[in-house]
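Protein chains in written order, with full-length UniProt numbering: chain A, 1 to 326; chain B, 1 to 326; chain C, 1 to 355; chain D, 1 to 355. Glycine included, each C-beta is placed from N, C-alpha and C at the ideal position. Comments concern the structure below.
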Amino acid sequence: MTSMTMIEAINLTLRKEMERDNKVVCLGEDIGKNGGVFRATDGLQAVFGEERVVDTPIAESAIVGAAVGMATRGLRPVAEIQFLGFIYEAMDQMAAQAARIRFRSAGTLNAPMVVRAPFGGGVRTPELHSDSLEGLFLHSPGLKVVMPSSPYDAKGLLAAAIRDNDPVLFLEPMKLYRAFKEDVPEEDYLLELGKAHVLKEGEDLTIITYGPTVPLVKNVVEQIEKTQNLSIEIIDLRTITPIDEETILASVQKTGRAVIVHEAVKTGGPGAEISALINEKALFHLTAPIIRVTGFDTPYPVPSVEDDWLPNATRIGEGIKEVLSH
Amino acid sequence: MTSMTMIEAINLTLRKEMERDNKVVCLGEDIGKNGGVFRATDGLQAVFGEERVVDTPIAESAIVGAAVGMATRGLRPVAEIQFLGFIYEAMDQMAAQAARIRFRSAGTLNAPMVVRAPFGGGVRTPELHSDSLEGLFLHSPGLKVVMPSSPYDAKGLLAAAIRDNDPVLFLEPMKLYRAFKEDVPEEDYLLELGKAHVLKEGEDLTIITYGPTVPLVKNVVEQIEKTQNLSIEIIDLRTITPIDEETILASVQKTGRAVIVHEAVKTGGPGAEISALINEKALFHLTAPIIRVTGFDTPYPVPSVEDDWLPNATRIGEGIKEVLSH
Amino acid sequence: MWIEPNETEVNRVQVLNETGKLVRTYPQICDEELLGLYKWMVQARTFDQRALKLQRQGRIGTYAPMIGQEAAQIGSAFALKEQDWMYPSYREVGASLVHGVSMENFFLYTMGNLQGGTSAKNANVFPVQIIIGAQCLHAVGGAWASKLQHENSVSVAYIGDGGTSQGDFHEALNFAGVYKLPVVFFVQNNHWAISVPRSKQTASSTIAQKAAAYGITGIQVDGNDVLAVYSTMQEALKRAREGKPVLVEAVTYRQGPHTTADDPTKYRQNTEVESWLEKDPLKRMKAFMIDRNIWDEELDQKEFEIANEKVTKAFQLAENTPNSKTEEVFDFVFEQKTKQLQEQKSSIGTEGVLK
Amino acid sequence: MWIEPNETEVNRVQVLNETGKLVRTYPQICDEELLGLYKWMVQARTFDQRALKLQRQGRIGTYAPMIGQEAAQIGSAFALKEQDWMYPSYREVGASLVHGVSMENFFLYTMGNLQGGTSAKNANVFPVQIIIGAQCLHAVGGAWASKLQHENSVSVAYIGDGGTSQGDFHEALNFAGVYKLPVVFFVQNNHWAISVPRSKQTASSTIAQKAAAYGITGIQVDGNDVLAVYSTMQEALKRAREGKPVLVEAVTYRQGPHTTADDPTKYRQNTEVESWLEKDPLKRMKAFMIDRNIWDEELDQKEFEIANEKVTKAFQLAENTPNSKTEEVFDFVFEQKTKQLQEQKSSIGTEGVLK
Ligand SMILES: Cc1ncc(C[n+]2csc(CCOP(=O)(O)OP(=O)(O)O)c2C)c(N)n1
Ligand SMILES: Cc1ncc(C[n+]2csc(CCOP(=O)(O)OP(=O)(O)O)c2C)c(N)n1
Ligand SMILES: [Mg+2]
Ligand SMILES: [Mg+2]
C-alpha cells in the first residue's frame, strides 16, 4: 500500500502492465521524454525505450488508427489523446474502425486497445480542453467507456482495460489527477469493467454519477446528511458503457428517486440514457421525476464562468431538494 | 402543385434557393455532372455553373470546414456528405467548428450553412452507408438537426434550413427518396425548424418518430386501428434538435403512453433523450413505461439481416402491445 | 528559391508497351511467373464479369468491378510474400484472390453475409474497408506491430486516386516516414473517383510525387503493364522490408462503372473509355506471351474455361452457405456479450421488445 | 524512376544574416517600413513578456508565448492588405496585433472573458483556433468565398510545424490547389511541437517541399529575418491574389515554453536554446537599422517604453471590462434561443434546476 494521487496510480499501472506484458505499447503526443502533459507516462520511456513509449506527430486519427492496426496484429496499444476534446479528429477510427473491427470480421479480428484521455472541467483550460464527450461513445456500439473517480479505481480499472480484448476508452478526470491521495496496493488487482460501485448506501434518494463529479457529490451528500434527516445512496458508475443496469435499478427501486450528475451537456447525454433506462424498467417505483444536474446545452464555456456552468455543489443541492419536493 | 418524390422535392428546393439567393452554393462529392449519387443535385451544375455547384475531392472534413469558412464570409453553403456514415471524418468541423463559431466569437461570426446527408437503412447498402448517427449531433450544442419524412416536408424544411442563420444538419431518409410521390407546391413555403408535426391525433398512445420510420409507423397504426378499438397519436418530430417539447409533452399528457421509434441504435440515442424529457416533465401522466423500438446496440448489420434489425412493422406492433399491456 | 508547382520530374516505369512489346531490359521474371500472373488476371476478370451478371440478376448486392485494373492488382499482390499483409479497399478482389482470399468469401461479402468479413481467417488480408483512407492507418499500425515483433512482414495498403485526398492518407504516409515502417501504399490511379476525374482530385500532376511531402520513396508505374507493376512492387517491397516505406502510383483505368449502382455515361466520354480499352492489361500480356511462344489462343480459351468453372463452384458454395441470422449480430460486438446484448438477443423472439 | 526521399533541393530565403548584415540584394523596403516592422516586433515582445508575468501572478490564464517568432509573425502580417483575412492558431498575438486586433482583446481572451473571441468585430482576424489544423480549412473556405465574391482578398492560415501532420492541413492544401484559391499557408516551423522536435514530426527534410504534394508553390524562408519574411510574404500574397496558393515555411524558434503550463527543460537542451538566442530576430533587425543610421540605443529604449505603456493601458482596459456572466453563454449558441436554452438561462436563479 502506498498513498498516491490518481496520476501516480495511472503511471504506476502503465508501468506494471508494460512490465507484465511486452505486447503493451504506449503512443501519443508528448508522452515520451515529456512524460505527457499531465505526467501520466512520466519515466516510462526511460524504462521501456522509444519503441514502446512513442511520441507521435500531431494526428489523432493516425494515433487511434495505428492503434487499431497494431491491436489486430498482436500488440496491446495504449494510445493517449492529449485532451478528450481532440477525439473528434479520430471519430471515424474510434466509432467506425476500433469499435467495429470485431463485427466487420465476424469475430476473426479484434482490437484489444485502450485510448486514454484526460477530460472534465474546472481547471481553467483553453477551449476544447475540458469537454465531456463520453456520451458520443455511449452511442457507438463496440466501445467500452470507463472513468475512474479515485486513485484506487484508476489502477484497477486501467489494468482491466488494458487486459480487455475489446477497445476501451479510458477517461481520466483532469481535476482529480492530483486532487487527493489514497492508499493503493502495489499488487495486481482488477476492477471489473461494466460494474458500478455503490459508494454509499441510502434509502431516500439515489444519486448516479461518475468520474469528475464523484468526490463533489460525496461532499454534497455528506453536508446534507449532517444537517438533514436524509439518507442518500451514491452510485459511481465507473463504466458508462456497458452500463450496470442491475445496480442502478436495484437502487432506484429502493429509493424511488434519482438525481443524475455529469458534466457533459444535458441533451442527449449519458443522463438521458440512464433516465430512459429507469423509465423502461423501474417506472412504477419512481415517486418523483428524475432530475439531471449537468452541463448546460451550450459549448463548454470560457474559464471565467465555468464554475457556474458545471454541476457544482449548489446546483446538485438544488437538484436533490427538487426531487425530494415530490 | 406538382406530384413529386422526395428526391425531386429536394432537387427543386435547391434550384429555387440558388435562384433566389446567389450566395447559396453547393459543394460535395459527385454532386456536379453526376448530380449526386442519388441525383439530389441533378442538373444544378448545368444551370448554375461549376463555381456554384462544386465537385470536391474526397475529404469530408474539408467539405464541412470549407463550408464553415465560406459561411463566415458571406456565402450560404449547402454541403453534401455522400452518406451520413462518412460524417465521422468531419466530426470536428461539425461539432467543434460549425457548431461553435458563433459561441467562440461571442456572436461576432456565424455560420449559415447546411450539411445534407442521406441516411437510414433498408436499402441493402455496403457497410457504413445506412447508419443513423443523428444522435451524436443531438449532443453537440450549436447544431440543428432536421429530417423530412415526405416530399412536402422536404421542401419546406430544406428551404428553412438554407435560410437559417445557424448550421443545420439536414438528413434525408434514403429509403424515402423515391418511395412515394405527393403534391408539392412550386411556390415558396417554409416549415419552421424545431416544430414537430402531429401527423394524426389519438387518445390511447403516442408514437414519437421522425424521418425514415414515419411512413412505416403510419402504416402500422392504420392496420392496428382497423382491427382494434384503439386511437393512436403519431408525432413526426421533423427536427430532433432543438426538440419540440411542447408537442411531445402535450401528447403524452393526454395519452399517458409513449412508444419511440427510430433506426439509430438504442443506447444513448434520440429515444433516450425523449424518454428522459417525458420523465422530467410529464412523469405523473405516464401509465406505462416508455418503450423504445430502435436499432439494436450493434453496428449496423449486413444487408441479409437488416430488415429484422430495423424497427419493422412487427417490432413496432409488439412495442405498442407491450405499452398497452400496462 | 520558389518551389514551383509540379517541378519534380516523374518518369513512369513501363516494361511492355500497349501492344505487348518490350520497351526496356527485361526484368528477371521466369516463364512460370509470367503464366502465373496471366492466369490470375484471367481469374480476376472472370470473377468480375460473373459478379456483374449476378448483381444484375439480383443474386448478389452492390459490386465494385475491377475490370481494367487486373495488372495493377495481380502484379502487386503477386510480389507479396505469404507473411505480408494486405489492407484492401472495396475494389480489391483481384489482389485479394492472389493473396489467399477465396472467391466464395468474396461472394459471401457481396451477398451481405456476415461470413464475408472473415478474409483474415485464412489469409493475411484485412476485411474490405469502405471508409476511404482508413485502411492506410491500419496498414501503418500493422507494419508497426510487425516491426516491433520482428516479423519480416510488409503491410500493403490499397487505395484509389480519390482516396489520396483524405486526411487519413496523409497521416498514414507521415507516420510511415517518421517510424520507417515496412509499409507500401499502393495507389491505383484509375483516373476516376466515381464521377470526379483525377485532374480535379488534386493539382499535383502525379500522385507519386506526393511522397516528397513525407520524406519517403515514390514511384509511378504503368498500371496496365503487369510486368512493370510486378517488378516495381518487388523492389518496393524490398525497400519496405528494410524500413523504407514506398508510395507506388499505378496508372490504370476503371473500364467499368464505379459500382453496379453507378452510371458512368453521366460523366465521362465513351471515346476515353475506348482509348483505354486499347491499353487493356490482359490483351497486352497475352500478346507478349504469344510472342514469347509460351501461350496461344487455345490455351487462352481453356484458361478462361477453367476460371469460369472455378467461379461457378465458388458461387455455388456461397449460395449453399446458410444465411446470416439476426441473432448472430449480437455475438460480434464484444468478446463477451454485455447484459444489454444478451437481453436484446433473447428478445428477438418477442420482436426486440423486452418483456 | 524512383523519387528518392528528400531529393528536392530547397534553398532558404535570407536577406539579413545573424549579425544583421545584408546577404543579398536589398529588397525594395523603405525606411518607414523598416521602422514599422521593428516597432511592431517591439510591441509583440513587450506584450509577450508582460503576459508571461501576468500569468505567473495569476491575473490571466494559460498563455502561449511567441518570443523568438516576432520576425515571422510581424513580417508576414505586415505584408497583408486590410481586406485580407487572417486565420490564427493560439500563438499568433504578434501577427494579430499587426492586422488590427487590440491588445485588450487578447488580454480578455487569456482572462477567459467571452469578449476575447471578438477579434473579427474590428479586424479581419478569425478567433483563436485551438484545434490544430482546423483553421486551414476555414482559410480555404474564406478564400473561396472571396474568390466567388470577387473581393481581391487573400486568406492566410497560420499554423506550426507540428500542425502539418494533421489531416486537415493536407485536405486544406489539396483544396487550395484544386480550386486555385487566394490563400497562403504560413507555417512557423519553430522546431518544436510541445516536446516533439521537428525532426520527429515528419521525415520530409523541409516543410516547404510538402507543396509538391498539392501542385502548389512552396518556399522556405529564414523566419528570424523579418526582411526576408516580409518580402517573401509580399510575393506569396501576390501569387495568391492571382489564384496561386502558396505554402510558406518560416524557419524560426520558440525561445520560451510551449505555454505557461509547459516545462521545456524536460525535453530540450539549454545549449540549443542559447544558440537560437544568438539568432534573435529583434537583435538582428536592430543591428541592421543602427548600421543604416536610422536607429540608436536611445530610440530603442524609448520604443520599449512606449510599448510598455501601451500594454499597461490595454491590460487596464481588459481588467476594467466586466466579467462574463454565466447568463451570457446562452445567448451565443443560436441566433434565437431555443426553448431549452431560454429555460436553462432563466433557471440560473434556481441553480440550473427547472422548477
Ligand atoms: C470517407 C468516405 N467518403 C466517401 C465515400 C464514398 N465513395 C466510395 S468510393 C468513392 C470514390 C473513390 O475513388 P478512388 O479512391 O479513386 O477509388 P476507386 O473507386 O476509383 O477505386 C467515394 C467518394 C466513402 N466510401 N468513404
Ligand atoms: C487537434 C489537436 N491536437 C492536439 C492539440 C494539443 N496541442 C496544442 S499545441 C500542440 C503543439 C503544436 O505544435 P506546432 O504546430 O508546432 O505549433 P507551436 O505550438 O510550435 O506554435 C499540441 C499537440 C490540439 N490543440 N489540437
Ligand atoms: Mg479511382
Ligand atoms: Mg512548432
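Legend entry - For ligand 3, residues whose Cβ lies under 7 angstroms from any non-hydrogen atom: Selection output, chain order preserved: C:Gly160, C:Asp161, C:Gly162, C:Gln188, C:Asn189, C:Asn190, C:His191, C:Trp192, C:Ala193, C:Arg254.
Residue environment, C:Asp262, which counts as buried when at least 16 other CB atoms sit within 10 Å: Per the 10 Å Cβ criterion, buried.
Where residue 358 of chain B sits in the DSSP three-state scheme: The structure shown does not extend to residue 358 of chain B, since chain B spans only 1 to 326, so no value can be given for it.
Exercise. Is it the case that the Cβ atoms of residue 327 of chain A and A:Val114 are separated by a distance below 8 angstroms?
Worked result: The requested residue 327 of chain A is not part of the displayed model; chain A covers only 1 to 326.
Per-residue contacts from B:Val37 into chain D (C-beta, under 8 angstroms):
Going along chain D, no residue has its Cβ under 8 angstroms from B:Val37, so there is no contact; the nearest lies around 20 angstroms.
| query | In terms of DSSP beta bridges, what is B:Ser3 paired with? | reply | Paired residues: B:Asp183.
**Request:** Check the Cβ-Cβ distances between B:Tyr88 and every residue of chain A, and say whether any is below 8 angstroms.
**Result:** Yes, B:Tyr88 lies at the interface with chain A (some Cβ there is under 8 angstroms from its Cβ).
So C:Asp289 and C:Tyr38 are in contact, right, with Cβ under 8 angstroms, and what is the actual spacing, rounded? For the record, residue 289 of chain C in the displayed sequence is Met; it is not Asp. Sure, about 6 angstroms apart at Cβ, within 8 angstroms.
| said: Please identify the residue among A:Leu230, A:Tyr88, A:Met70 whose C-alpha is closest to the C-alpha of C:Leu137. | reply: Of A:Leu230, A:Tyr88, A:Met70, the smallest CA-CA separation from C:Leu137 is found for A:Met70.
Any chain C beta carbon closer than 8 angstroms to B:Leu199: Not one chain C Cβ lies under 8 angstroms of B:Leu199.
Worksheet item: Would DSSP call C:Gln220 helix, strand or coil?
Response: DSSP, read as helix, strand or coil, puts C:Gln220 in strand.
query: Count the other CB atoms within 10 Å of the CB of B:Cys26; is the residue buried (16 or more) or exposed (fewer)?
result: With 16 or more Cβ atoms within 10 Å of its Cβ, B:Cys26 is classed as buried.
Residues of the stretch 321–352 of chain D with a CB closer than 8 angstroms to any CB of chain C: list them in chain order, please.
Cβ contacts with chain C: none found.
- Is the Cβ-Cβ distance between residue 372 of chain C and C:Ala79 less than 8 angstroms? With chain C represented from 1 up to 355, any question about residue 372 of chain C goes unanswered, as that position is not in the structure.
So with Cβ pairs under 8 angstroms, would you call C:His258 a contact of chain D? So, not an interface residue.
Check: Which one of B:Leu324, B:Met4, B:Asp307 has the shortest CA to CA distance from B:Tyr152?
Finding: Comparing alpha-carbon positions, the option among B:Leu324, B:Met4, B:Asp307 lying closest to B:Tyr152 turns out to be B:Met4.
Query raised in the report: What is the rounded straight-line gap between the Cα of D:Met1 and the Cα of C:Lys210?
Result: If I take the Cα positions, the gap works out to 14 angstroms.
Could you check whether the Cβ of C:Ile3 sits closer than 8 angstroms to any Cβ belonging to chain D? It does; some Cβ of chain D falls within 8 angstroms.
Exercise for review: Would you identify the three-state DSSP class for C:Cys136, choosing helix, strand or coil?
Suggested key: Helix.
Any heavy atom of ligand 2 closer than 7 angstroms to the Cβ of residue 356 of chain D?
-> Because chain D is modelled from 1 through 355, residue 356 of chain D falls outside the range shown and cannot be assessed.
Could you check the C-alpha separation between C:Glu4 and D:Phe186 for me, to the nearest Å?
Roughly 17 angstroms between the two C-alpha positions.
Quiz item: Got a sec? Which residues, its chain only, sit under 8 angstroms from D:Pro197 by beta carbon, not counting five neighbours each side?
Solution: Taken in chain order, the residues that qualify are His191, Arg268.
Nonlocal neighbours in the same chain, by C-beta distance under 6 angstroms from D:Gly75, ignoring five residues either side: Exclusion of the five residues before and after D:Gly75 leaves Val226, Val229, Tyr230 as the residues of its chain whose Cβ lies within less than 6 angstroms of its Cβ.
- Query: So does A:Ile58 have its beta carbon nearer than 7 angstroms to some heavy atom of ligand 2?
  - Reply: Yes, ligand 2 has a heavy atom inside 7 angstroms of this Cβ.
Handout entry: Contact the stretch 76–95 of chain D vs the stretch 33–50 of chain D: 3+ CB pairs below 8 angstroms
Key = Yes: the two stretches touch, three or more of their Cβ pairs being nearer than 8 angstroms.
* Best match in A:Val293, A:Val24, A:Val323, A:Ile81 for proximity to residue 339 of chain A [C-alpha to C-alpha] -> Because residue 339 of chain A is not part of the residues shown, which for chain A are 1 to 326, the question remains open.
Can you check whether the CB of C:Gly218 is closer than 8 angstroms to the CB of C:Val251?
-> Not a contact, by the Cβ cut-off of 8 angstroms.
Regarding B:Phe119 and ligand 1, is the C-beta to nearest heavy atom distance less than 7 angstroms?
No, Cβ of B:Phe119 sits at least 7 angstroms from all heavy atoms of ligand 1.
| message | Tell me which residues share the same chain as C:Asp280 and place their Cβ nearer than 8 angstroms to its Cβ, disregarding the 5 neighbours each side in the sequence. | response | Residues Gly68, Asn224, Gln255 of the same chain have their beta carbon placed closer than 8 angstroms to that of C:Asp280, with the five preceding and five following residues left out of the count.
- Query: A:Thr236 lies in the beta strand (DSSP E); which residues open and close that run?
  - Reply: Here the sequence assigns Asp to residue 236 of chain A, which means Thr is not the residue at that position. Residues 232–236.
- request: Can you give me, in chain order, the residues of the stretch 136–169 of chain D that have a beta carbon less than 9 angstroms from any beta carbon in chain B?
  value: Within the stretch 136–169 of chain D, the qualifying residues are Cys136, Leu137, His138, Ala139, Val140, Gly141, Gly142, Ala143, Trp144, Ala145, Ser146, Lys147, Leu148, Gln149, Glu151, Ser153, Ser155, Gly167, Asp168.
Please tell me whether A:Val68 has its Cβ less than 8 angstroms away from any Cβ of chain C.
Yes, its Cβ sits closer than 8 angstroms to a Cβ of chain C.
- Return the residues of the stretch 20–37 of chain C that lie within a Cβ-Cβ distance of less than 8 angstroms from chain D, sorted by chain order. Listed in chain order, the positions of the stretch 20–37 of chain C with a beta carbon within less than 8 angstroms of a beta carbon of chain D would be empty, since no residue qualifies.
- Measure the Cβ-Cβ separation of B:Ala264 and B:Glu134 and say whether it is below 8 angstroms. For B:Ala264 and B:Glu134, yes; Cβs fall inside 8 angstroms.
message = Suppose only complete runs of 3+ residues qualify. What are the beta strand (DSSP E) ranges in the stretch 59–129 of chain A, listed by chain order?
response = Runs found: 76–80, 114–119.
| Cβ-based burial, A:Thr255 [other Cβ within 10 Å; buried from 16] | A:Thr255 should be labelled buried.
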